[in-house]
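Colleague: Attaching a single structure in structure tokens format; questions to follow.
Dropping the structure here:
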């Protein structure tokens, strides 16, 4: 009997030892699987955050007419990528540039101040996708400006896949050209951008409507390092791209990981997780290192086995002595106690690995157990929860939702996805997502308990809120942007059609804001825009919307103004006048005050067949009509305005071709002295349109000035004048020629140099060339204007003030300017000598000019009575129909040659 007892006890000891070894292995495997799931989940969540960043940038792009580098930098800086998104190298805007648009793209970038910008590597005749903007703009990212991503096959494949699918795509592992040769592999995310009118429901529509991509580049080594605090540091991680057949491409591998195993056992534990990300398959392989194994190294069962063997012998001897059953029962009890302890340890370890908040509730929602393995200052203390109702712990707004989630779990066995907020101990508010499951096999079904898991989703909610703010609101003023305005306008238009109520769209543009911005700097300009936004916001009616379109343009959307167009129009006009009057008041910025008025265009809706874009265009057209009336005005949209705008656009395009196709010509109107002798002439431009016929200067000159064509046209006129002067010199004629010079042409950087080149090339006498400028040239930058005029006068060119008396006439600038002549506007001459006021004005101008030693030419002389009055008033020069209508320049020169012959 004792030998049999010894054998039984030794067998029990061996089984206990074997169970201990097996339990340690199983505990190690369970903890390893939990940690592996957490690592894979964190990597996938981080990729989702990067995708959300790109979608926010895409929304910002779609909500803006044009993005410059400063706005892009402000937007991306608000995301605080280096602090909140470790591993993300940068966010870039990549336009799709066709070969025909490449030169325009380069010119635009150079004009924005990026003088060294170039598209590289060169790809002759192919579509390019250069990096146009990238933030943060550090030294490494600056190297990527202009880089054509389509020249790298791996990047091109991802970009084309994103274009075709309309979804986020990730490239295969690649080393970017700007990286060092020994740089680690990285990947690039691409999200396609489409034009607003693109048909994105089909692949051909997406292909045709593509305008570019937003991209984000990162290296997995830096991403994993940024997540290190959330990983188990004792697990070796290896990430590879397994999207294609053949060898896998490594993305990340822990440095020195194999050596860290220090001779791992033959049954080395390894697990893999496969993730679908951006159209690619990533394989994450995880292997525990030696430090991880040491956590579960428990030699206690060896000692227990040894002691058990000794005790077995002793028990056998003792049984040999006592031959009782009592000690066998005690040994079995100890073995059962040890098994329970192991099970308890395993459960404790599993619960410690769960990163979320765990609760045990009853049907009423009372908390019986509370556990949070990662307690921080932002997590509530256990003693503040246990014994209380869940509905009392959460905010009142969330209490009903939590109670409903508990009822659903009681009814269905589980409920998931309810979100609520909690006030943490440090005063912050945290977002949680609640999942509840009913505990099965409860001894008393009437006293059922539930296990609730609450996951902290605060960072995800913050990221979602930031993405929405950046997609639908203006960064500078926090007002709704164009994207939100169009959404609200579509909705308002539909409601107006249903209700019969009339609404209005008010387009507000600040007058002369560009001058303030250029003269005082963008910082002050931005501050002024913020003050304007605040002032306009205070004028809104309940339900109205104020949006910033970009630059100095704002739009007010007013609804339910009246049941008919007349009453709605009156109310809209009253609102517009309130806005206009409010904008007239100066703005206190710093220690100074600044003034800026506003021009406002109004259109009413609904109108038959018109969409939101049509209404916005109408209000914009009306606003420009208000500016045309002299600024600081309010004007309603009229159908004639649209026709006028379309005609103006057509004339602007035709005018660009007119000079090259020889449609422009010059006429000369003679100028005479007081004795009636010819002393010179004024060159006047004429346009004979092939379809519209003769177009008057009053129509095409303003279009030329606003479009910039006036610079090229003005240079041509001056060249023609110099050639005419050169032709008159051999005839012994010393007649002067006057040429009108626009303010835009005068302020060109190379104007003085180009005039000197023309004079040298033609051999014309500069003293016979007279530049006529208007008083508007003298309003801004007077010192710079005087300096440039002085340079031209030193060359021999003379200056005349055209239409004197109609603008900003001032004796102060007449004394300072190097002038030769004043031209009295015909509006003063035409009613002399009958009108006493005009007679006095003309005589005063002649008197002032005489005292300042300035020559005078009176324009618009059409009658002998006017000429006699001017001669009697000692006016030295005259010009008008009385002395000759304008004639083609070649005829005028031919007549002079004939007279000399």
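In my numbering, the protein residues as written are 460 to 1360. Think of the CB as a built atom: it goes at the ideal place given N, C-alpha and C, for glycine as much as any other residue. This one's a predicted model, so the numbers in the text were calculated from it and none came from an experiment.
DSSP three-state label for residue 717, please.
Modeller: Note that residue 717 scores a pLDDT of 43, beneath 50, so its modelled location is shaky and nothing firm can be said.
Colleague: By DSSP, does residue 1153 sit in helix, in strand, or in coil?
Modeller: strand
Colleague: So, at 6 Å on beta carbons, what are the nonlocal neighbours of residue 586 in its own chain, with the 5 sequence-adjacent residues on each side left out?
Modeller: Cβ neighbours of residue 586 beyond the five flanking positions: 557.
Colleague: For the candidate residues 581, 1164, 800, 651, whose alpha-carbon lies nearest to that of residue 516?
Modeller: 651
Colleague: Across which residues does DSSP place residue 739 in a beta bridge pair?
Modeller: Residue 739 is bridged by DSSP to 736.
Colleague: Does the beta-carbon distance from residue 910 to residue 819 come in below 8 Å?
Modeller: yes
Colleague: Just reading off the alpha helix (DSSP H) that residue 1436 is part of, what are its end residues?
Modeller: As displayed, the chain neither begins before 460 nor continues past 1360, which places residue 1436 out of reach and without an answer.
Colleague: Going by CA-CA distance only, name the one from 1239, 1196, 1220, 1188 that's closest to residue 1206.
Modeller: 1239
Colleague: Determine the direct distance from the alpha carbon of residue 993 to that of residue 1140, and round the result to whole angstroms.
Modeller: Our two residues, residue 1140 and residue 993, have alpha carbons roughly 55 Å apart in a direct line.
Colleague: Does DSSP classify residue 971 as helix, strand or coil?
Modeller: coil
Colleague: What are the residues that DSSP puts in a beta bridge with residue 1122?
Modeller: BP columns for residue 1122 are empty, so no partner.
Colleague: Using beta-carbon positions only, say whether residue 1072 and residue 1096 come within less than 8 Å of one another.
Modeller: no
Colleague: Got a sec, what are the start and stop residues for the alpha helix (DSSP H) residue 653 sits in?
Modeller: Here residue 653 belongs to no alpha helix (DSSP H); instead the beta strand (DSSP E) covers 645-653.
Colleague: Locate the alpha helix (DSSP H) running through residue 1285, then write down its first and last residues.
Modeller: 1285-1288
Colleague: How about residue 857 and residue 880: are their beta carbons less than 8 Å apart?
Modeller: yes
Colleague: Please name the residue, chosen from 661, 711, 750, that lies closest to residue 694 on a Cα-to-Cα basis.
Modeller: 750
Colleague: Find the nearest neighbour of residue 1275 within the set 1114, 1298, 1313, judged by alpha-carbon distance.
Modeller: Comparing Cα positions, the closest option is 1313.
Colleague: Thinking C-beta only, is residue 896 closer than 8 Å to residue 522?
Modeller: no
Colleague: Per DSSP, what kind of secondary structure is residue 1133 in: helix, strand or coil?
Modeller: Of the three classes helix, strand and coil, the one that applies to residue 1133 here is coil, per DSSP.
Colleague: For residue 953, name the three-state secondary structure that DSSP assigns.
Modeller: helix
Colleague: Just the Cα atoms here: how many angstroms apart are residue 1090 and residue 1057?
Modeller: Going by the C-alpha atoms only, they are around 7 Å apart.
Colleague: Going by DSSP, name the residue or residues bridged to residue 1007.
Modeller: BP columns for residue 1007 point to 1013.
Colleague: Give the single residue among 855, 598, 923, 852 whose Cα lies nearest to the Cα of residue 512.
Modeller: 923
Colleague: Which class does residue 925 belong to by DSSP, given the choice of helix, strand or coil?
Modeller: Looking at residue 925 - three-state DSSP - the assignment turns out to be helix.
Colleague: With a Cβ-Cβ cutoff of 8 Å, do residue 622 and residue 666 count as a contact?
Modeller: yes
Colleague: Throw me the rounded Cβ distance for the residue 1229 and residue 1195 pair, which I believe falls under 8 Å.
Modeller: For a cut-off of 8 Å, the C-beta gap from residue 1229 to residue 1195 is around 5 Å, short enough to register as a contact.
Colleague: What do you reckon, are the CB atoms on residue 1180 and residue 1222 nearer than 8 Å?
Modeller: no
Colleague: Less than 8 Å between the C-beta atoms of residue 420 and residue 1142, yes or no?
Modeller: Residue 420 is absent from the structure shown; the chain starts at 460 and stops at 1360.
Colleague: Just to confirm, is the Cβ distance from residue 1110 to residue 1162 under 8 Å?
Modeller: yes
Colleague: Looking at the structure shown, is residue 724 part of a helix, part of a strand, or coil, going by DSSP?
Modeller: Any answer about residue 724 is weak, because its pLDDT of 42 lies below 50 and its placement is not dependable; what the coordinates show is given next. In the three-state DSSP reduction, residue 724 falls in the coil class, being neither helix nor strand.
Colleague: With 16 other CB atoms within 10 Å as the buried threshold, where does residue 756 fall?
Modeller: exposed
Colleague: From the DSSP output, in three-state form, read off residue 1199 for me.
Modeller: Reduced to three states, the DSSP call for residue 1199 is strand.
Colleague: Between which two residues does the alpha helix (DSSP H) harbouring residue 536 extend?
Modeller: It spans 528-537 - the alpha helix (DSSP H) in which residue 536 sits, taken as one unbroken run.
Colleague: Mind checking which residues open and close the beta strand (DSSP E) that includes residue 1058?
Modeller: 1057-1064
Colleague: Measure the C-alpha to C-alpha separation of residue 865 and residue 1025 and round it to an integer number of angstroms.
Modeller: 57 Å
Colleague: Can you list, in chain order, the residues of its chain whose CB lies under 8 Å from that of residue 998, leaving out five sequence neighbours each side?
Modeller: 1034, 1037, 1038, 1041
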